[in-house]
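Numbering (mature numbering (1 follows the signal peptide of the UniProt record, and there is no 0)), first residue to last: -18 to -1, 1 to 296. Heads up, the beta-carbon is just placed ideally off N, CA and C, and yes, glycines get one too.
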């Protein structure tokens, strides 16, 4: 930490010095403008331009060094990942953000890509769980029997997540068991997740189809969604807590948590597609009808002639 503080202080001094030199250089150019009255000398313009480029590059390198230093420091402070552990959580609900869990070993890097097919992603609703190992080595879970992953929360507010198998397609993970363990660092809580098929129940009238749990964190919003039922045909369920037909339900001010309920509403997109299709068909039929009418009432154009009566004697 002391080394990092010295680096930051030195880079701040460099930035302040470059700004002072930059201001002086522009003052010289403006002074030359006042003396000459029309234009600045070419050498001074060239020097000012080169100096501006140099300051911009130095400032850019300064920001890059700061970002690399703190990123490296933060990654070094992370614990090493265990076998089949989740190293990053990429949230894609609205604006993507990454939560780092652990550090990969053996010179491997943890992916932060938004690509779901990168070979290291496990889809959990709107989150992508990234692993150091390829996910194709994991077996497929059985419904309600196998533990898909274990989430452990420690006393120092750190968490770890270990994956055991992959949930089948069109399924969701749910907590079916929790355990409490006494460790050297304090009490830890383990939450075991299993796989369940998505609900196929039809939503009744005035029944919410989706529940949104929104937690306000210092920098980002952490949103968890739970699908309760399937909307009837021709209707859709809101996918965002700011969409229409979403109503607030409960607020927990101490935990900075708000809950919202989404209700089914009519989806006009298929109707618009059908209307566009019918419009194209109507235009095509109208064009065919116009062509048929023009063919029936065709008018032969007479050849050009100077005298009509000479061209057509009576």
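Straight-line gap, residue i to residue j (C-alpha atoms, nearest Å)
i, j, result
"residue 145", "residue 88", "19 Å"
"residue 160", "residue 154", "18 Å"
"residue 215", "residue 151", "22 Å"
"residue 60", "residue 138", "13 Å"
"residue 248", "residue 217", "4 Å"
"residue 82", "residue 189", "37 Å"
"residue 68", "residue 111", "6 Å"
"residue 120", "residue 65", "11 Å"
"residue 166", "residue 63", "19 Å"
"residue 148", "residue 135", "21 Å"
"residue 131", "residue 143", "7 Å"
"residue 133", "residue 105", "16 Å"
"residue 207", "residue 73", "12 Å"
"residue 230", "residue 183", "23 Å"
"residue 124", "residue 187", "33 Å"
Contacting residues, own chain, Cβ-Cβ under 8 Å from residue i (five flanking each side not counted)
i, result
"residue 228", "194, 220, 222, 242, 243, 244, 245"
"residue 158", "126, 174, 175, 176"
"residue 58", "85"
"residue 237", "197"
"residue 267", "none"
Close-in-space but distant-in-sequence residues of the same chain around residue i (CB under 7 Å, 5 per side omitted)
i, result
"residue 156", "175, 176, 178"
"residue 180", "152, 153, 154, 209"
"residue 122", "147, 148, 150"
From the options, residue whose alpha carbon lies closest to that of residue i
i, options, result
"residue 114", "76, 192, 71, 125", "71"
"residue 204", "119, 69, 85, 108", "108"
"residue 91", "116, 142, 224, 164", "116"
"residue 76", "200, 266, 237, 225", "225"
"residue 199", "235, 183, 164, 230", "235"
"residue 79", "201, 265, 105, 237", "201"
"residue 118", "187, 128, 265, 102", "102"
Close beta carbons around residue i, own chain, < 6 Å, minus the five adjacent residues each side
i, result
"residue 299", "In this structure the chain extends from -18 to 296, so residue 299 is not present and cannot be described."
"residue 239", "197"
"residue 12", "In this prediction, residue 12 has a pLDDT of 47, which is less than 50 and means its spatial position is unreliable; what the coordinates show is noted afterwards. Excluding positions up to five away in sequence, the list is empty."
"residue 185", "191, 211, 213, 246"
"residue 141", "135"
"residue 163", "170"
Sufficient close CB pairs (3 or more, under 8 Å) joining the region 87 to 104 to the region 158 to 170 = The region 87 to 104 vs the region 158 to 170: no contact.
Counting only runs of 3+ residues fully inside the region 192 to 247, write out the beta strand (DSSP E) ranges in chain order.
-> DSSP runs (the beta strand (DSSP E)) wholly in the region 192 to 247: 203 to 209, 228 to 234, 239 to 245.
Runs of beta strand (DSSP E) wholly within the region 54 to 128 (minimum 3 residues, chain order) | With a minimum length of 3 residues, the continuous beta strand (DSSP E) runs that stay inside the region 54 to 128 are 68 to 73, 79 to 82, 103 to 106, 109 to 113.
Length at least 3, wholly inside the region 123 to 175: the beta strand (DSSP E) runs in chain order | Runs of the beta strand (DSSP E) lying entirely within the region 123 to 175 and spanning at least 3 residues, in chain order: 129 to 135, 141 to 145, 153 to 165.
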